[in-house]
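Visitor:
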Amino acid sequence: MNISPTQHKILKLLIENEKISMREISEKLSVNMSTVSRNFRSLLESGFALKVEEASPGSSGGRKTALYTANPNKFFVLGIGVEQNRLIGVVIDAKGNEVEKSEIHRNFRGDEIVNALVDCVEPFKEKYPNTVGISIGMPGIIKENKVIFSSALGIEDLDLGGILSREFGTEIFVLNDANAAVVGYGFQKKNVVYFLISVPYYLNQPVGVGAGLWLEGSLYQGSNGAAGEFEIDILPPILSEPATLDEVDLKNLSSDSLLKLLSKLSEVASFVSYLLDPETVIFGGDITLFSPEFHSGLAKNVQDRLEKRHISDVEVLFDERGLWTVAFGAAKAFWKRILEDYEFAGKILK
């Protein structure tokens, strides 16, 4: 069906509510009942809307009231989180809820990412043929679904969105992994900074960090898609010798070995917080590799620094879900665009 602006507004309410009546829709949209009824009929017939129950009229009598919601199986969105040698796929339904996830491990570098993504996507597309979009969260500078530069993955000037769109005949989003992660967290908050930590395999290389910015209730990517990107070596290495992640358990590493990293990460996080004044600061990604003591020390350092600037109400959280948050947030970014952009929804929901 060709969805109308009024139908798009109705669908948004159906998605956001577990059950809602046509009268409530009429009141929320400030349109008359006949307009709601006329537009609602097509949504019901095409499977976008479902009747979930009939509410009793109460002591005053009268007819029962039909209550509706969105059909969660009408469409699906696939989100993929990408890091070096690992991909996680998460499928969400029309209501924005996760229905399935899977993980694959694969060595890839440069444009080899295309085949790795194809292999990740195909099983999901077969199982969920009414997938309306694929959204990818990955490290690097991203603009208009093109990878401008990703040092972590060895990619430069790759039209990843265009390549995958032609491969699957589906709308593709590509966004920075920290931006994807903050979308997964940001819906309940107005201002959030999400620091995505990336520990390299060789521990004598600098620890990576990127910041996802959720400002005034929306994702902020900057003029060139580079907001939240830092210099590659802004954080120090964990070790001076070339030991690997397979050889070292970071949770058992002495606090002295992590002192430089703790100090610099605290400095970076508090400086960004001075500038943006968020409600919440979140550390995610490979932060899960470090001990609870490291977490508590980091939180204390950041809060102490902020209190010196008389900023005392910032909440510091740690996301233990790792790359899953990137995949889920990527899917949510696409889903949110469907809800909020009528022209985009009209192109996607046919």
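Every number in this note's numbering is 886 more than the matching position in the sequence shown, counting from 1.
In this text, a Cβ means the ideal position worked out from N, Cα and C, and glycines have one as well.
Values in this document were obtained by computation on a predicted structure and should not be read as measured data.
1) Indicate whether Val1078 and Tyr1071 have their beta-carbon atoms separated by less than 8 Å.
2) Nearest to Lys1237 by CA position, among Glu1165, Tyr1160, Glu1102 and Ser1156, is which residue?
3) Among Gly1103, Pro891, Asp1005 and Lys981, which residue has its Cα nearest to the Cα of Arg992?
4) For Val938, which residues of its own chain have a beta-carbon under 8 Å away from its beta-carbon, when the five flanking residues on both sides are left out?
5) If you count every other CB in all the chains shown that lies within 10 Å of the CB of Thr1130, and 16 or more means buried, which is it?
6) For Val1167 versus Val1202, is the C-beta distance shorter than 8 Å?
7) In whole angstroms, give me the CA-to-CA distance for Val963 and Ser1143.
8) Considering Asn1187, what are the terminal residues of the alpha helix (DSSP H) in which it resides?
9) For Thr955, which beta-bridge partners are listed by DSSP?
10) Helix, strand or coil: which one does DSSP assign to Asn993?
11) Does the Cβ of Met887 have 16 or more other Cβ atoms within 10 Å, making it buried, or fewer, making it exposed?
12) Buried or exposed for Ser1036, please, with buried defined as at least 16 other CB atoms from any protein chain shown within 10 angstroms of its CB.
13) Thr1017 lies in the beta strand (DSSP E); which residues open and close that run?
14) Please state the DSSP three-state secondary structure of Ile1049.
15) Where do the N-terminal and C-terminal ends of the beta strand (DSSP E) with Ser1036 fall, by residue?
16) Between which two residues does the alpha helix (DSSP H) holding Ile1234 run?
17) Measure the Cβ-Cβ separation of Asn1138 and Gln1107 and say whether it is below 8 Å.
18) Considering only residues of the region 1064–1088, which uninterrupted alpha helix (DSSP H) runs meet the minimum length of 4 residues and lie entirely inside it, listed in chain order?
19) Taking Ser912 as the reference, which of Phe926, Pro1009 and Gln1189 has the closest Cα?
Guide: By the coordinates alone:
1) Taking the first residue of the sequence shown as 1, we reach residue 1078 at position 192. Taking the first residue of the sequence shown as 1, we reach residue 1071 at position 185. Contact flag set, yes.
2) An answer regarding residue 1237 cannot be provided, because it is not within the stretch 887 to 1236 covered by the chain.
3) Here residue 992 corresponds to residue number 106 of the sequence shown, with the count starting at 1. The option with the nearest alpha carbon to Arg992 is Asp1005.
4) Along the sequence shown, one-based indexing puts residue 938 at 52. The beta carbon of Val938 sits closer than 8 Å to those of Glu904, Lys905, Leu953, Tyr954 and Thr955, all from its chain and outside the five residues before and after it, given in chain order.
5) Working through the sequence shown from its first residue, we reach residue 1130 at position 244. Classification for Thr1130: exposed.
6) Mapped onto the sequence shown, residue 1167 falls at position 281. Mapped onto the sequence shown, residue 1202 falls at position 316. Contact: yes.
7) As a working note, residue 963 is residue 77 in the sequence shown. As a working note, residue 1143 is residue 257 in the sequence shown. Going from the Cα of Val963 to the Cα of Ser1143 covers about 42 Å.
8) For the purposes of this step, residue 1187 is taken as the residue at position 301 of the sequence shown. Here the alpha helix (DSSP H) through Asn1187 covers Pro1178 to Lys1194.
9) Sequence index remark: in the sequence shown, residue 955 carries index 69 (1-based). Residue pairing by DSSP places Thr955 opposite Leu936 in a beta bridge.
10) Counting from one through the sequence shown, the residue named residue 993 turns up at place 107. Collapsing the DSSP output to three states places Asn993 in coil.
11) Translated into the one-based positions of the sequence shown, residue 887 becomes position 1. With fewer than 16 other Cβ atoms within 10 Å, it is exposed.
12) As a working note, residue 1036 is residue 150 in the sequence shown. Buried, by the Cβ-count rule.
13) In the sequence shown, counting from the first residue as 1, residue 1017 sits at position 131. Unbroken beta strand (DSSP E) run through Thr1017: Thr1017 to Met1024.
14) Start at 1 with the first residue of the sequence shown, and residue 1049 comes out as number 163. Note: Ile1049 maps to helix in three-state DSSP.
15) Taking the sequence shown and counting its residues from 1, the one referred to as residue 1036 is at position 150. The continuous beta strand (DSSP E) containing Ser1036 extends over residues Lys1032 to Ser1036.
16) Counting from one through the sequence shown, the residue named residue 1234 turns up at place 348. Counting along the chain, the alpha helix (DSSP H) containing Ile1234 begins and ends at Tyr1228 to Ile1234.
17) For the purposes of this step, residue 1138 is taken as the residue at position 252 of the sequence shown. For the purposes of this step, residue 1107 is taken as the residue at position 221 of the sequence shown. Asn1138 is not a Cβ neighbour of Gln1107, given a cutoff of 8 Å.
18) With a minimum length of 4 residues, no continuous alpha helix (DSSP H) run stays inside the region 1064–1088.
19) Stepping through the sequence shown from its first residue, residue 912 is reached at position 26. Nearest in C-alpha terms to Ser912, of all of Phe926, Pro1009 and Gln1189, is Phe926.
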